[in-house]
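This report concerns only the one structure given below.
Numbering (the numbering used here), first residue to last: 499 to 699.
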């Protein structure tokens with residue numbers, strides 16, 4: 499029986515694709531690199547981790563990239579929107595007695611600031627950013643740590659994500675994977691479908 503639902507953030511709870519795309523290109527410009535297209539961003543970067551991005555696209559230490567991301571937060575947040583069902587679904591899952599977690603590759607400091615801005619921080623029992631584990635998704639580290647902090651077994655958790663990296667991380671961890679508009683153990687097209695799942699106690 500599932501006792502906790504752990505979510506990815508970007509593309510699942512919030513619509514942030516274009517905001518991240520603009521911030522990524524801002525970082526490229528800052529370091530004198532050529533900008534990339536939205537198609538390249540979606541196919542090669544979206545859902546990945548900042549360590550890989552720093553090495554492949556910037557050739558710089560990850561801390562340099564995180565600083566640009568954090569310094570650009572005020573501009574970035576203006577382009578982020580909650581998906582319509584997000585707040586309602588999180589509230590109702592908790593009302594059903596489920597624990598709710600967040601496990602995102604977004605650096606911890608930025609994730610917390612974004613959740614504060616969107617008034618979502620209190621909806622989670624645990625919040626983890628990608629820099630709190632040695633390896634970001636698609637490695638399973640962040641999901642394993644989330645389950646540990648939630649006080650549950652991994653098999654008692656479900657992970658909801660929208661990318662291949664999310665589904666790979668969930669599979670490697672050993673939890674139920676729920677793809678948001680992508681194939682996993684289960685697939686949903688709308689967050690509200692989570693409230694009807696029989697796997698949840």
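Where is the CB? At the ideal position from N, CA and C, for every residue including glycine.
The structure displayed is predicted, hence computed values, not measured ones.
Pull up the distance between the alpha-carbon of residue 533 and that of residue 571, whole angstroms please. Within the chain shown, numbered from 1, the residue matching residue 533 stands at position 35. Within the chain shown, numbered from 1, the residue matching residue 571 stands at position 73. Rounded to whole angstroms, residue 533 to residue 571 spans 19 Å at the Cα level.
Can you tell me the Cβ-Cβ gap for residue 621 and residue 589, rounded? I've got them flagged as a contact below 8 Å. Start at 1 with the first residue of the chain shown, and residue 621 comes out as number 123. Start at 1 with the first residue of the chain shown, and residue 589 comes out as number 91. At roughly 7 Å, the Cβ-Cβ gap stays under 8 Å, so residue 621 and residue 589 are in contact.
Using DSSP's beta-bridge definition, name the partner residues of residue 679. As a working note, residue 679 is residue 181 in the chain shown. Residue 679 is not bridged to any residue.
Taking the C-alpha atoms as reference points, what is the distance between residue 553 and residue 562? Counted from its first residue, the chain shown places residue 553 at position 55. Counted from its first residue, the chain shown places residue 562 at position 64. So the alpha carbons of these two residues sit roughly 11 Å apart.
So what does DSSP say about residue 698, is it helix, strand or coil? What you label residue 698 is simply residue 200 of the chain shown in a count that begins at 1. Note: residue 698 maps to strand in three-state DSSP.
Identify the continuous alpha helix (DSSP H) that holds residue 529 and give its terminal residues. Within the chain shown, numbered from 1, the residue matching residue 529 stands at position 31. Counting along the chain, residue 529 falls outside any alpha helix (DSSP H), and DSSP gives it neither H nor E.
Within a Cβ cutoff of 6 Å, which residues of the same chain sit near residue 529, ignoring the five residues on either side of it in sequence? By 1-based counting over the chain shown, the position of residue 529 is 31. Closer than 6 Å at the Cβ level, and outside the excluded window around residue 529, lie 556.
Reduced DSSP secondary structure (H/G/I, E/B, other) of residue 520: Here residue 520 refers to the residue found at position 22 of the chain shown. If DSSP states are grouped into helix, strand and coil, residue 520 belongs with the helices.
Please report the Cβ distance between residue 672 and residue 650, rounded to the nearest whole angstrom; I am assuming they are in contact, meaning their Cβ atoms lie under 8 Å. Mapped onto the chain shown, residue 672 falls at position 174. Mapped onto the chain shown, residue 650 falls at position 152. Contact flag wrong, Cβ pair sits at about 12 Å.
For a quick check, are the C-beta atoms of residue 663 and residue 635 less than 8 Å apart? Position 165 of the chain shown, counting from 1, holds the residue named residue 663. Position 137 of the chain shown, counting from 1, holds the residue named residue 635. Result yes, Cβ atoms of residue 663 and residue 635 sit closer than 8 Å.
Expressed to the nearest angstrom, what Euclidean distance is found between the alpha-carbon atoms of residue 654 and residue 531? Numbered from 1 along the chain shown, position 156 holds the residue referred to as residue 654. Numbered from 1 along the chain shown, position 33 holds the residue referred to as residue 531. C-alpha separation (whole angstroms): 44 Å.
At which residues does the beta strand (DSSP E) containing residue 643 begin and terminate? Numbered from 1 along the chain shown, position 145 holds the residue referred to as residue 643. Element bounds for residue 643: not the beta strand (DSSP E) but the alpha helix (DSSP H), 639-648.
In three-state DSSP terms, what is residue 617? The residue you call residue 617 lines up with position 119 of the chain shown. If DSSP states are grouped into helix, strand and coil, residue 617 belongs with coil.
Which word fits residue 506, buried or exposed, when buried means at least 16 other C-beta atoms lie within 10 angstroms of its C-beta? Counting from one through the chain shown, the residue named residue 506 turns up at place 8. Counting Cβ neighbours within 10 Å, residue 506 comes out buried, since at least 16 surround it.
Beta-carbon proximity of residue 640 to residue 628, cut-off 8 Å: Translated into positions along the chain shown, residue 640 becomes position 142. Translated into positions along the chain shown, residue 628 becomes position 130. Yes; because the gap between Cβ atoms is below 8 Å, this pair is in contact.
Helix, strand or coil at residue 655 [DSSP, three-state]: By 1-based counting over the chain shown, the position of residue 655 is 157. In this structure, residue 655 counts as strand in the three-state DSSP scheme.
Do you know how far the Cα of residue 679 is from the Cα of residue 687? Looking up residue 687 in the chain shown gives position 189. Looking up residue 679 in the chain shown gives position 181. Cα to Cα, residue 687 sits roughly 5 Å from residue 679.
Closer than 8 Å by C-beta to residue 619: which residues in its own chain qualify, once you throw out the five before and the five after it? Chain order, please. As a working note, residue 619 is residue 121 in the chain shown. Closer than 8 Å at the Cβ level, and outside the excluded window around residue 619, lie 610, 613, 625.
Using beta-carbon positions only, say whether residue 500 and residue 525 come within less than 8 Å of one another. Stepping through the chain shown from its first residue, residue 500 is reached at position 2. Stepping through the chain shown from its first residue, residue 525 is reached at position 27. No, the pair does not count as a contact, with Cβ atoms beyond the cut-off.
Using 8 Å as the threshold, is the C-beta distance between residue 594 and residue 522 below it? Reading the chain shown from its first residue, position 96 is the one you call residue 594. Reading the chain shown from its first residue, position 24 is the one you call residue 522. Taking 8 Å as the Cβ cut-off, residue 594 and residue 522 do not qualify as a contacting pair.
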